[in-house]
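Going by our numbering, the first residue of the sequence shown is number -10, and it counts up by one from there.
All residues carry an ideal CB built from backbone N, CA and C; glycine is no exception.
As the structure is a prediction and not an experimental result, all values here were calculated from the model.
Single-structure report; data block below.
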Amino acid sequence: MKDLLALLAPTVGGDLSAGARYALGLASAFDARLCALIAEIEFTDPSPEPDIMQAGGASGARPTSRERLEQTERVVLSAAKAAGVPCETVAADGEFPSLRERVIRSAQLRDVLIIDSYGPLQPPRKDLVDGALFGSGRPLVLVPQHAGEFAGKRIVIAWDASRSAVRAVHDALPLLAQARNVTVVSVVDDKTILAPNTENALCSYLLQRDIVSDFDRINREKVAVGTALLAYAGQADADLLVMGGFSHGFERELMLGSATRDIYRANLEIPVFLSH
């Protein structure tokens, strides 16, 4: 991985979002460059804003969108300089018809896109995730706000032998190669696995690339498949879940696969690497 993209919303104050911290850590680990696309995503900022009057400020005026964008740009560039990460920042502009299109085009020639997650995905953030995941051809990482900096030492791979699962494994190979522990897990009572009993073959494939892994089979029982995968990753003390993102296209709407839908609806505890 040599060229990363982070989609960041402008914030108030000098704190980086979890996605920004994760992106900088990932770029540092791989000696990669980072491009930070800073844009208004939600109509309201997902992070709380300070009460300027109570803080002793002279005015209670809220910072403008431009002021917040410029402040976030300064904070990101300062943190990147301190981490020794080559970084550029870009703002959404009129070059593209929509932010969704800008995100898709910007992600296409990057190795991975990092996006902050603030609980279950809701529009318009969900629409941007959909566009990037299913329209860019590149993987993305959803980063919850309590996640620490990039570690990537214990990785769980969700495996069902589907096209998207295969794609996720290949896209995540640079991360898997640096991990200390890799586990392949299949939810065996969710659906008919396209190529059953392929976990050993996948482990052998990884071993050819000097990636030692083991595999496990679990039952989801009465919980959703995505919930079962997240729970397994949590119990394994994993710091990343790798999985395929799947959807059915019906006219203009995307009908998400069950596991992908579960991830979208979850309050994530760890970052999730998705690829389609």
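Contact under 7 Å by Cβ, A80 with I27: yes
Same chain, Cβ closer than 6 Å to G137, five either side skipped, listed in chain order: none
DSSP state of E242 mapped onto helix, strand, coil: With a pLDDT of only 45 at E242, under 50, the local geometry of the prediction cannot be trusted, and the value read off the model is given with reservation. If DSSP states are grouped into helix, strand and coil, E242 belongs with the strands.
With 16 other Cβ atoms within 10 Å as the buried cut-off, status of G223: exposed
E59 versus A21 - alpha carbon distance: 24 Å
Nonlocal neighbours in the same chain, by C-beta distance under 6 Å from N208, ignoring five residues either side: D178
Neighbourhood of A12 by C-beta distance below 7 Å, restricted to the same chain and skipping five residues each side: L(-7), A(-5), L23, I103
Outcome for S87 when other beta-carbon atoms lying within 10 angstroms are tallied against a minimum of 16: exposed
Secondary structure of L218, DSSP reduced to three states: helix
Residue environment, I252, which counts as buried when at least 16 other CB atoms sit within 10 Å: buried
Contact the segment 214 to 221 vs the segment 116 to 133: 3+ CB pairs below 8 Å: no
Cutoff 8 Å; reference G73; Cβ partners in own chain excluding five residues on either side: S17
For I252, three-class secondary structure by DSSP: helix
Enclosing alpha helix (DSSP H) for N208 [first to last residue]: First-last for N208: undefined, no H or E at that position.
Which of helix, strand or coil DSSP assigns to P266: Because residue 266 is not part of the residues shown, which for the chain are -10 to 265, the question remains open.
DSSP state of R114 mapped onto helix, strand, coil: helix
Where A187 falls: helix, strand or coil (DSSP): Note that residue 187 is Thr in the sequence shown here, rather than Ala. The answer is coil: DSSP assigns T187 none of H, G, I, E or B.
Own chain residues within Cβ distance below 7 Å of A225, not counting five before or after: R143, V145, T172
Nearest residue (CA-CA) to F139, options W148, L162, A168: A168
Among P260, S264, H265, the one whose alpha carbon lies nearest that of A7: P260
For T78, the residue or residues it bridges with in DSSP: A25
Euclidean distance between Cα positions of T78 and G233: 29 Å
Cβ-based neighbour list, D199, same chain, cut-off 8 Å, excluding 5 preceding and 5 following: A166
Expected contact under 8 Å - CB spacing of I30 and R114 to nearest Å: 5 Å
Sub-7 Å separation of A161 and V231 beta-carbons: yes
Residue(s) in a DSSP beta bridge with P133: S106
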